[in-house]
Each structure stands twice: as structure tokens, then as C-alpha cells.
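Asks: Dropping the structure in here first, questions after.
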Amino acid sequence: MADATCAGRKVDHPGSPMTVQAPAMDLAAPRSAPGDSTPSATAPAAYTITARVLHWITAILILCMIPLGLVIANDWGGSLQDSLYDLHRSIGALVIPVVLLRLVYRRVSPPLPLPDDIPAIQRLAAHVTHWCLYALLLLQPMVGWIATSAYRAPINVFGWFELPPIWPENRAFSEQMFGIHGLIGALIAALAAVHIGGALFHHFVRKDRVLMRMITG
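Counted from 1, the sequence shown has number 85 at position 86 by numbering that gives the first Met the number 0; the numbering is strictly sequential.
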């Protein structure tokens, strides 16, 4: 009877061929659902830290240049008018190498494309806005440099050095170029507003990571 009882229990012992195996558990990382733009821990950043730093430096320069240009164009600076002119010219001179560096870095390390669920028309609008801003941010300081050179006003960059004139003295031509300079400035302000508005739309309405790509990567 004892043998029958033991046989009925079928108790496994260490080393016994009858071992109970626990069901295998899938420990793989969860997969993102279609349309989920949240990056996994191993996903590459859409923008590198260098690209993000250059972007925000450019943004700060633009947000300084626009009100400065408005003030000096309307002679609202009072006793600080000359100092504001010098600051405006200095920032304009700084914009040129910063934008060139951004373009070179973008060529060497292009960002990841926008998420697939963004409509084609929005992709096109973002692409056109970006490249128009790049072009105007290079054109604007060059026009200002030409206009200032034709006026024969000094361009003292933050008190460190003075840029040489790149155009013969011609006051009438200078006034025309300053007019063009003002129009380009207004266009940059409009495109910057569209750019900011689009980023806020993505963040608060679409609730995707388009804005956060440029903040956290």
C-alpha cells in the first residue's frame, strides 16, 4: 500500500526527470502602438543637443533683433538710440556665423523626419517655413551690412572689433536698402510667428512630440 501511495503522489525531487517548468515570461520592452510618437529608451533623439542649442541661440537672437529693430526704426530709443543701433548691428553680425553653423551641422547630422501621421500639407508648410527662415536670416544681416556701409556708419561688434564697409558710400542707396531691411524684418517676424504657432498647435492640439523634439530631443 505504501508503494501505491507514493506512486500516486508522484512527488518530484531534485534531479528527478519529472521537473515542473514555469511558463516562459516575455520580458521584451512593450511595443509602441501605431501613431504613438513617444520614443523608447533606446530610440535616437530627433535633434542632437548641439542642434537644439544652436536652434535656441538663433531663437533668442531673433527675439532680440525684432523689437530692437522696431525701436530704432521709429527713433524710440531716446538717449539710448546710438547704443541700441550698436547692439542691433552686433547681434546682426552674430546671426550670420550662427546660421551658417546651423546649416553645416544640419548637413552633417540631419534630424529625424517628422512623424508619419502628420499630413503632407503640414509637412510641406513646416519645410517651406524652415528654409525661408534660414534664407532670410542670412539675407537680412547682409542687407543691413550693405546699407550701413553705404551710409558709412561704423559697425562695432560688441566693442570687440569693427566690421569693414562692403559697399561704396551712397546715402540714397543706403536709404533704399534700409527700406528693404525693414521689409525683410517684418517677413521674418511673420514667419517666426507662424513657426511658433505651429509648434504650439502640435503641442497643445495634436499633443504630439514635435515641440518636445527641440526641447528634450
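Built from N, CA and C at the ideal position, the CB exists for glycine as well. It should be emphasised that the depicted structure is a prediction, and the values quoted were computed from it without experimental measurement.
DSSP three-state label for PHE160, please.
Replies: strand
Asks: If you drop the 5 nearest sequence neighbours on each side, which residues of the same chain put their C-beta closer than 8 Å to that of SER82?
Replies: GLY76
Asks: Could you check which residue in GLY216, THR215, MET213 and VAL209 has the C-alpha nearest to that of PRO114?
Replies: VAL209
Asks: What does DSSP give as the partner residue(s) for ASN155 in the beta ladder?
Replies: GLU161
Asks: What whole-angstrom Cβ distance do ILE71 and GLN139 have, given they're in contact under 8 Å?
Replies: With 8 Å as the limit, ILE71 and GLN139 do not qualify as a contact, their Cβ atoms being about 14 Å apart.
Asks: Using the rule of at least 16 other Cβ atoms within 10 Å of the residue's Cβ for burial, across every protein chain shown, is ASP207 buried or exposed?
Replies: By the neighbour-count criterion, in which a residue is buried when 16 or more other Cβ atoms sit within 10 angstroms of its Cβ, ASP207 is buried.
Asks: Out of curiosity, what's the CA-to-CA distance linking LEU60 and ALA189?
Replies: 16 Å
Asks: By Cβ distance, which residues of its chain are closer than 8 Å to ALA92, with the 5 residues on each side in sequence left out?
Replies: If we look at ALA92 and ignore the five residues flanking it on each side, its Cβ neighbours are PRO140, TRP144, ILE154, VAL156 and LEU162.
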